[in-house]
Structures are given as structure tokens and as C-alpha cells.
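Chemist:
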Amino acid sequence: MSSDLRALIRLGRLPFVLGGFCLFAYGNLVAGLAGASPAAAELLLGCLVLAAGQLSVSYSNDYYDRRADALGERTRISGGSGILVDRPDLAPAARRIALGLIALSLLLALCFSLIYPVPWYFLPFVLTGNLMGWYYTGPPLSLAYRGLGEAATMLTFGFFMPGMGYLVAAGHLDLFFFTASFPLLFLGLAFIVTVELPDMEADRAAGKRNFVAASGRTAAYRVAFLGCAAASVLFFLAGSVHPVFWTVSFLSLVPLAVTAVHLRASRPDRDGAVPAAERAMAGLVACILLADLTLVLSLT
Numbered sequence: 001m002s003s004d005l006r007a008l009i010r011l012g013r014l015p016f017v018l019g020g021f022c023l024f025a026y027g028n029l030v031a032g033l034a035g036a037s038p039a040a041a042e043l044l045l046g047c048l049v050l051a052a053g054q055l056s057v058s059y060s061n062d063y064y065d066r067r068a069d070a071l072g073e074r075t076r077i078s079g080g081s082g083i084l085v086d087r088p089d090l091a092p093a094a095r096r097i098a099l100g101l102i103a104l105s106l107l108l109a110l111c112f113s114l115i116y117p118v119p120w121y122f123l124p125f126v127l128t129g130n131l132m133g134w135y136y137t138g139p140p141l142s143l144a145y146r147g148l149g150e151a152a153t154m155l156t157f158g159f160f161m162p163g164m165g166y167l168v169a170a171g172h173l174d175l176f177f178f179t180a181s182f183p184l185l186f187l188g189l190a191f192i193v194t195v196e197l198p199d200m201e202a203d204r205a206a207g208k209r210n211f212v213a214a215s216g217r218t219a220a221y222r223v224a225f226l227g228c229a230a231a232s233v234l235f236f237l238a239g240s241v242h243p244v245f246w247t248v249s250f251l252s253l254v255p256l257a258v259t260a261v262h263l264r265a266s267r268p269d270r271d272g273a274v275p276a277a278e279r280a281m282a283g284l285v286a287c288i289l290l291a292d293l294t295l296v297l298s299l300t
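This note's numbering numbers the first residue of the sequence shown as 1 and each following residue consecutively.
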């Protein structure tokens, strides 16, 4: 395998696709609570639609964020892959791959709609999700540079990714889905400000107007805490439509507790922010994994 190919594969940050799969699975499992029982091939094709779109974001973000990434230091949860900082000659290929993956996602979605019954909004749903991923950093919208990156991430985390899972399994979106996924919007808020924490200085230098760059790390810790708290309350309220969400509400106390500790103890400088952000991210990942496991057990 050539060094160029290895670098382009690493640029995709394949492990991050697993996060999207967990949210897709959450939507699938919630649909199962509502009585859906899709075929395995249906789930696989739907998952590939999402995976191609999500993978495209890794390439497009690294392409459009390469100036900001060059100004900072990469961490395990932020700063991109670092590939285009070291290999700027691969930037055109990264952009082409991102566009190709969006095209693949849309083609797979079209195939899905021809094979399985879907609502009229299925293809617009997939298209909108892909466009949001592209324009997160891509011009002319460049959402992350205009103070809209947090809103875009909340929608991706709490609507598009789990919504794709629910659509594939149930064939529609309904009130039960929105009740179950609404808390994820606020976990998505906690997620994105956590990702932004280590890169505050670099983002400011690059002209990004995200929340942490504009408001500072102390405010970000508070927002992450409030996002986790809101998610816990909303999961508890969702227990009125299915009792399994009371258990999920209890599990959501994990990231809430982690962010509470850092709100009180973490220093506002970068040396304090990096380990705090990595631990907070671990708490969020644990919450989603445990929520999926809880839903699996409730369906068996």
C-alpha cells in the first residue's frame, strides 16, 4: 500500500464512524420499541447510507479546517487527523473524496428508496444531512465559522443520525421518535462544546466564531453541564411513553457527573482543558453505548 493511500485512509478517521453507528443503532432500537422489525439487509443498506455521509465529513472538515488545524495541536478528540497539515499535497484528493462519498450516500439512498417503502421526505432527509455535513466548514455557509456549528451538531446528533436509524427501521418519523431523540439534541450540544475545548486558541486565531472561541472555556464547561442536565431531565420525561427511558435517564447521569466535576475543578487553560475534554467525551460515549445496550436488553 502506498504512503499516499495510507494517509488518505487515516484522513477518514474511521473510528469516528462508530459514533454515528451508535446513534443510528439508537434510532433502530427505538423503532423496535414501537414495534418495527426490519430485515437485516434493510438495516445494513441504511447504515451504509449514513456511513458514507458521515465519512465524507471527516474529509471535508479536514480540507476546510486545515488552516485552523495547523495553528493548534491535535488531541485524541479534536484538531482533525493532522494529515493535511503534514501532507498539503493531498488536499485536492481529500475534497474529491468528500464529494464522492456524498454522491455515494445519495446513490445508496436512492437504491434504498427503490427497494423498500419510504416516505416522500426520505431522500430530502438524506440530502439535507449530507449538505449540513459539507457546509459545516465548507463555504459559503461555513457554519462552524459563523457561530452555527453548535446548532448543526445538535441536529446531526439528535435528529439526522438517530432519525436515519428510525426511518430505516420504522419507515417514517413520528412523535415517539421525537420524544426519544429530543434528549440527544442536548447531548449533542455537550459533545460539540467538549470537542471545541482544546482548540480555543487555534480557533480564535483562525477566525472561527464557535461557542468556546467566543465565550471561553469556563462558559463552555457550564454549557456542557447544562446540556447533560437537560438530557437527563428529558430522558426522564420520555419515561412516560416507555419506562425504559427512566433507566436511560439514570445512565445519562454519567456524563452529567463528569462535566460537573470539571466545572468545579478544571483549569481554563489548554493544559487543563485537554484531559477534561477527553474524560467528558468518554462519559458521553459511555452514555450512548449504555443506552443502546439498555434498549437491546429491553427488546429481548
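By construction, the Cβ of each residue, glycine as well, lies at the ideal position given by its N, Cα and C atoms.
Where do the N-terminal and C-terminal ends of the alpha helix (DSSP H) with I288 fall, by residue?
Modeler: Run containing I288: R270 to L299, per the alpha helix (DSSP H) assignment.
Chemist: With 16 as the cutoff for other CB atoms within 10 Å, does R67 come out buried or exposed?
Modeler: Exposed, because fewer than 16 other Cβ atoms sit within 10 Å of the Cβ of R67.
Chemist: For V30 and A180, which I take to be in contact (beta-carbon distance under 8 Å), what is that distance rounded to the nearest angstrom?
Modeler: Yes, they are in contact, since the Cβ atoms of V30 and A180 sit about 4 Å apart, within 8 Å.
Chemist: How long is the line joining the alpha carbons of L143 and L23, rounded to whole angstroms?
Modeler: In a straight line, the C-alpha of L143 is about 22 Å away from that of L23.
Chemist: Run the CB neighbour count on L234, radius 10 Å, all protein chains shown included, and call it buried at 16 or more, exposed below.
Modeler: Buried, by the Cβ-count rule.
Chemist: By DSSP, does L148 sit in helix, in strand, or in coil?
Modeler: Coil, per DSSP.
Chemist: On the DSSP letters alone, give me the boundaries of the alpha helix (DSSP H) that D65 sits inside.
Modeler: From DSSP, D65 is part of no alpha helix (DSSP H); its letter is neither H nor E.
Chemist: Helix, strand or coil, according to DSSP, for N318 in the structure here?
Modeler: Residue 318 lies beyond the range of the chain shown here (1 to 300); nothing can be said about it.
Chemist: Less than 9 Å between the C-beta atoms of T137 and F191, yes or no?
Modeler: Result no, Cβ atoms of T137 and F191 do not sit closer than 9 Å.
Chemist: Report yes if the C-beta distance between L33 and L295 is below 9 Å; otherwise report no.
Modeler: In contact: L33 and L295 (Cβ atoms closer than 9 Å).
Chemist: Which runs of the alpha helix (DSSP H) spanning at least 4 residues fall entirely within the region 222-278, listed in chain order?
Modeler: For the region 222-278, whole alpha helix (DSSP H) runs of length 4 or above, ordered along the chain, are 244-251 and 253-265.
Chemist: Taking 9 Å as the threshold (C-beta atoms), are A273 and L226 in contact?
Modeler: Contact flag unset, no.
Chemist: How long is the line joining the alpha carbons of F160 and L108, rounded to whole angstroms?
Modeler: If I take the Cα positions, the gap works out to 16 Å.
Chemist: Suppose contacts are defined by Cβ-Cβ distances below 9 Å. Is A70 in contact with I83 by that definition?
Modeler: Not closer than 9 Å, so no.
Chemist: Less than 8 Å between C-beta atoms, sequence neighbours within five positions excluded: which residues of the same chain meet that for L114?
Modeler: So the list is empty, once near-sequence residues are dropped.
Chemist: By Cβ distance, which residues of its chain are closer than 7 Å to L290, with the 5 residues on each side in sequence left out?
Modeler: So the list reads L251, once near-sequence residues are dropped.
Chemist: Kindly list the residues whose CB is nearer than 7 Å to the CB of E42, restricted to its own chain and excluding five residues on each side of it in sequence; keep chain order.
Modeler: Within the same chain, E42 has close Cβ partners Y116 and V168.
Chemist: What number of angstroms, rounded off, separates the C-alpha of Y145 from the C-alpha of F211?
Modeler: C-alpha separation (whole angstroms): 10 Å.
Chemist: When the Cα atoms are used, what is the spatial distance from A229 to L256?
Modeler: When rounded, the distance between both Cα atoms is 6 Å.
Chemist: Please state if the CB of F112 and the CB of G46 are separated by a distance shorter than 9 Å.
Modeler: Contact: yes.
Chemist: Indicate the three-state DSSP secondary structure (helix, strand or coil) for A36 in the structure shown.
Modeler: Of the three classes helix, strand and coil, the one that applies to A36 here is coil, per DSSP.
Chemist: Go ahead and pull the three-state DSSP assignment for Y116.
Modeler: Y116: coil per DSSP, three-state reduction.
Chemist: Should T194 go down as buried or exposed, given a rule of 16 or more other Cβ atoms within 10 Å for buried?
Modeler: It is buried - the Cβ of T194 has at least 16 other Cβ atoms within 10 Å.
Chemist: Rounded to whole angstroms, what is the Cα-Cα separation between Y121 and P268?
Modeler: Looking at the two C-alpha atoms, the distance is approximately 44 Å.
Chemist: I need the straight-line Cα distance from L106 to A213, nearest angstrom please.
Modeler: Roughly 34 Å separates the two Cα atoms.
Chemist: Whole angstroms are fine: how far does the CA of S81 sit from the CA of R10?
Modeler: Cα to Cα, R10 sits roughly 7 Å from S81.
Chemist: Hey, is L187's beta-carbon within less than 9 Å of any beta-carbon in chain D?
Modeler: Included in the structure is just one protein chain, with no chain D present.
Chemist: So is G129 buried or exposed if we call it buried at 16+ other beta carbons inside 10 Å?
Modeler: Buried.
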